[in-house]
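There are 2 protein chains.
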Amino acid sequence: MKYSVSEENYIKSIFNLQEANSTVSTTMLAGAVNTKAASATDMLKKLHSKKIINYRPYKNFTLTDIGNKIALDIIRKHRLWEYFLVNKLGMKWDEVHVIAEEMEHVNNPMLVQKLDEYLDHPCFDPHGDPIPDKNGKIRVVKQSDIATLPLKKILTVSSIKDQSVKMLDLLKHYHIQIGTKLKINKKFDFDGSVEIKVEKYAATILSEQVAKNIFCTV
Amino acid sequence: MKYSVSEENYIKSIFNLQEANSTVSTTMLAGAVNTKAASATDMLKKLHSKKIINYRPYKNFTLTDIGNKIALDIIRKHRLWEYFLVNKLGMKWDEVHVIAEEMEHVNNPMLVQKLDEYLDHPCFDPHGDPIPDKNGKIRVVKQSDIATLPLKKILTVSSIKDQSVKMLDLLKHYHIQIGTKLKINKKFDFDGSVEIKVEKYAATILSEQVAKNIFCTV
DNA sequence: ATTTATTTTTAGATTTGTCTAAATTTATTT
DNA sequence: AAATAAATTTAGACAAATCTAAAAATAAAT
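See the structure below:
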């Protein structure tokens with residue numbers, strides 16, 4: 001089944017709102033897709049008739065299993081493209097969202113598969129959000145900051161707490177970005193600083209403050 | 219100025235039809251964008267009001283300078299994405315057109331620039347069609363087949379005459395594709411065969427029949 | 001528990017891009 | 001040159017997605 005760009009945007013927004021809130025309202029949805037509540041209602045009725053959402057007038061609505069599947073597919077594409085834009089084209093974290101918003105609607109399963117292979121099956125987008133796999137499964141992994149993770153294990157950077165420009169600058173200097181693999185060599189109790197080794201770069205020391213901002217999966 | 223996907227498709231089709239034919243008709247255009255003549259007329263009137271085409275009812279129409287500029291920009295994106303899909307994602311010549319047809323409408327100048335850099339400013343797409351530069355300029359270069367080109371010069375493969383699967387197979391074996399750089403070492407008068415050297419591969423000999431199908435720029 | 005405020009839905013209109021069928025213009029034939 | 005054929009345009013309708021303004025339902029406040 002093929003869905004219009006509008007339908008896809010509504011579906012994706014419902015998913016994202018469900019992630020962030022216990023309950024989703026027509027007004028919230030309208031806000032998310034940048035329309036008016038009346039327009040959202042129209043679309044809700046259409047999505048309901050297509051069995052994409054559970055919907056009763058004046059009551060809350062949720063994605064059906066079908067709707068969830070569709071949403072995850074769109075989000076997969078969005079995040080893969082974000083990863084591509086940052087890690088291949090060298091764009092910045094904050095520049096890629098708007099572009100990925102357009103690319104996510106390019107509909108071609110073969111393309112997504114090849115892109116995923118080309119990027120080497122990344123698990124997290126540049127903002128640290130997980131990328132659903134081809135079956136819509138999101139790998140649930142506990143991520144912790146470097147200050148608390150164990151030594152000598154290969155870790156993968158999965159998200160950064162402080163996403164300010166200053167932090168970004170610093171991380172660039174350390175050759176650290178989402179997806180970077182690194183190892184913790186030593187922790188210094190004196191000031192909580194940590195020596196890490198990023199693949200093919202010389203080992204360096206991070207302050208505790210920085211270490212606490214870098215989250216990794218094992 | 220931003221144009222709808224529909225407008226862009228019409229503009230691009232007019233350009234392509236103008237390239238291939240001396241004159242473009244409403245019916246031809248309708249065929250190219252897969253609609254009916256009546257719909258094409260509606261769009262022609264709209265494009266005329268936006269000064270994208272020169273148009274008088276019942277007469278032939280042409281792109282204005284503005285229209286030409288827009289078309290070249292779309293075609294640039296289309297061909298850059300085709301190049302990406304083939305040379306980075308490893309897709310096949312005949313698979314990429316449909317996908318690029320969607321990607322070409324993603325509108326972000328920074329994206330196009332970064333993509334162009336990432337691909338190292340290619341001049342020809344995988345079908346051998348030239349890729350307009352950022353100013354819409356198409357580098358006019360005379361291309362000739364290997365059988366007639368001079369020895370010892372660095373040549374760039376720009377198009378393949380016979381695009382059959384059999385030929386494709388053979389070229390893959392020789393590590394030749396659009397954009398490949400090669401040098402002609404020697405020509406054998408006995409049977410017209412040619413010894414070539416493709417970057418970092420051992421020199422090999424092509425039959426005259428093959429050589430005549432491979433077009434290069436100097 | 002009424003009243004008031006907020007949210008959601010309905011009703012009717014608009015825009016974009018499309019269609020069919022009929023009318024008009026241009027091209028072709030006899 | 002008149003008749004026929006083909007191409008193009010007009011007229012009117014339709015689907016998708018949106019809007020405003022008004023009505024209906026739910027939630028909050030006195």
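Chains as they are written, first to last, in this note's numbering: chain A, 1 to 218; chain B, 219 to 436.
Using N, Cα and C, we set each Cβ at its ideal position, and we do this for glycine too.
For A:T27, same chain residues with a beta-carbon under 6 Å away, outside a window of 5 residues either side, are A37 in chain order. Measuring C-alpha to C-alpha distances from B:S362 to each of B:D351, B:S377, B:G354 identifies B:S377 as the nearest. For B:M321, the C-beta contacts it makes with chain A under 8 Å involve M103, V106, in order along the chain. Between A:Y174 and A:L119, the C-beta gap is not smaller than 7 Å, which leaves the two residues out of contact. Unbroken beta strand (DSSP E) stretches of 3 residues or longer found wholly inside the region 84 to 171 of chain A: 154 to 160, given in chain order. Inclusion of B:P350 and B:R294 in the CB contact set at 7 Å is warranted, their separation being smaller than that value.
Where A:T27 is concerned, the enclosing alpha helix (DSSP H) starts and stops at 26 to 33. Taking 7 Å as the cut-off, the beta carbon of B:K379 is found no closer than this to the beta carbon of B:V436. Taking the C-beta atoms as reference points, A:A100 is found no nearer than 7 Å to A:K12.
Less than 7 Å divides the Cβ of A:V33 from the Cβ of A:Y10. Residues of chain A whose Cβ lies closer than 9 Å to the Cβ of B:I356 do not exist; the shortest such Cβ separation is about 24 Å. For B:V428, the three-state secondary structure derived from DSSP is helix.
Identification of chain B residues near A:Y118 by a Cβ-Cβ cut-off of 7 Å yields K306, L307, ordered along the chain. Straight across, the Cα-Cα distance linking B:I394 with B:D343 is about 14 Å. Within chain A, L89, G90, M91 have C-beta atoms less than 7 Å from the C-beta of B:K332, given in sequence order. Contacts with chain A at 7 Å (Cβ-Cβ) include B:I317. Taking the beta carbon of A:L111 as reference, the chain B residues within 7 Å of it are I317, listed in sequence order. In this structure, B:L424 lies near B:V412, with their beta-carbon atoms less than 7 Å apart. If the five residues before and after A:R139 are omitted, its C-beta is found closer than 8 Å to the C-beta atoms of C123, P130, D133, all from its own chain and listed in chain order. Contact between the region 85 to 99 of chain A and the region 322 to 336 of chain B is present: 3 or more CB-CB pairs across the two stretches fall below 8 Å. A direct Cα-Cα distance of roughly 11 Å separates A:D65 from A:F15.
Contact annotation for A:E95 against chain B: M328 [CB-CB distance below 8 Å, chain order]. Residue environment: B:F433 is assigned as buried (16 or more neighbouring CB atoms within 10 Å of its CB, all protein chains considered). In chain order, T282, I284 place their CB closer than 7 Å to the CB of B:K269, counting only its own chain and leaving out the 5 sequence neighbours on each side. Only residues of its own chain outside the window of five on either side were considered, and among them D343, D347, I349 have a CB closer than 7 Å to the CB of B:R297, listed in chain order.
Taking A:Q18 as the centre and dropping the five residues before and after it, the same chain places the C-beta of V24, T62, L63 closer than 8 Å to its C-beta, in chain order. Approximately 19 Å separates the beta-carbon atoms of A:G179 and B:K332; this is outside 8 Å, ruling out the contact. As computed with DSSP, A:E195 is found in a beta bridge with A:K186, A:I205.
Checking the DSSP bridge columns, you'll see B:T435 partnered with B:T374. Straight-line spacing of the CA atoms in B:V359 and B:A248 works out to 32 Å.
Between B:K415 and B:N403, the gap from beta carbon to beta carbon is short of 7 Å.
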